[in-house]
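For reference, each letter of the sequence shown is one residue, going 1 to 141 in the UniProt record's numbering. Idealized CB from N, CA, C, for every residue including glycine. All figures in this text were calculated on a predicted structure; none of them were measured in a lab.
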Amino acid sequence: MKNPIYPCLWFDGQAQEAAKFYCSIFPNSKITADNQMVVTFELDGKKFMGLNGGPNFTFNEAVSFVIDCYTQEEIDHYWEKLTSGGGQEGNCGWLKDKYGMSWQVVPTVLPKLLSDPEKSQKVLDAYLKMKKFDIKTLEEV
């Protein structure tokens with residue numbers, strides 16, 4: 001495909017603020033174009049568009065962005081940054097940032113742990129009780 005597909009996020013007047021917030025959190029990120037209506041930006045090299053569309057629509061959990069994390073430090077970093085300023089912790093690695101966007105901060109080791117027939121139920125039971133994932137706890141159950 002010559003032109004990649006990318007998301008357009010509808011904000012109520014905070015598109016530029018949100019783009020700056022997200023670019024401050026993810027490596028290899030930058031704002032690529034900006035005017036009063038639309039801001040385009042890259043998060044870790046992936047293109048996004050923010051639209052100042054007004055109050056008609058808001059984000060909900062039907063759409064979320066998944067962040068695969070190799071280490072606990074990565075999980076801690078994204079969890080802390082994305083919940084700062086009024087974000088909300090959810091269950092099982094889910095959170096909402098201060099703009100209402102849903103994120104899943106997930107350890108890359110989780111599918112492997114869940115595929116181990118001897119540990120999968122214990123891992124599932126442990127992570128269902130978690131908000132932010134704790135890799136060490138999941139590996140030790």
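Top-ranked residue by Cα proximity to residue i, from the options
| i | options | result |
| --- | --- | --- |
| Lys30 | Cys8, Asp44, Met37 and Gln36 | Asp44 |
| Val106 | Gly93, Gln14 and Tyr99 | Gly93 |
| Lys47 | Asn56, Cys23, Thr83 and Val63 | Cys23 |
| Asp68 | Leu95, Leu110 and Ala33 | Leu110 |
| Thr108 | Asn91, Val66 and Asn3 | Val66 |
| Lys122 | Val141, Lys129 and Tyr78 | Val141 |
Host alpha helix (DSSP H) of residue i (start-end)
| i | result |
| --- | --- |
| Glu17 | Ala15 to Ile25 |
| Asp76 | Gln72 to Thr83 |
Own chain partners of residue i with C-beta closer than 8 angstroms, once the 5 adjacent residues on each side are dropped
| i | result |
| --- | --- |
| Ser120 | Leu113 and Leu114 |
Residue i, enclosing beta strand (DSSP E) - first and last residue
| i | result |
| --- | --- |
| Asn52 | Lys46 to Asn52 |
| Asp68 | Ser64 to Cys69 |
| Thr32 | Lys30 to Asp34 |
| Cys8 | Cys8 to Phe11 |
| Phe59 | Premise fails: Phe59 is in no beta strand (DSSP E) and is neither H nor E. |
Inter-residue CB distance, residue i and residue j (contact presumed, cutoff 8 angstroms)
| i | j | result |
| --- | --- | --- |
| Thr58 | Gly13 | Their Cβ separation, rounded to whole angstroms, is 13 angstroms, which puts Thr58 and Gly13 out of contact at 8 angstroms. |
| Gly50 | Phe11 | 6 angstroms |
Nonlocal neighbours in the same chain, by C-beta distance under 7 angstroms from residue i, ignoring five residues either side
| i | result |
| --- | --- |
| Asn28 | Asp44 and Gly45 |
In chain order, each alpha helix (DSSP H) run of at least 4 residues that lies wholly inside the stretch 96-141 | Entirely contained in the stretch 96-141, the alpha helix (DSSP H) runs reaching 4 residues are, in chain order, 110-114, 120-128 and 135-140.
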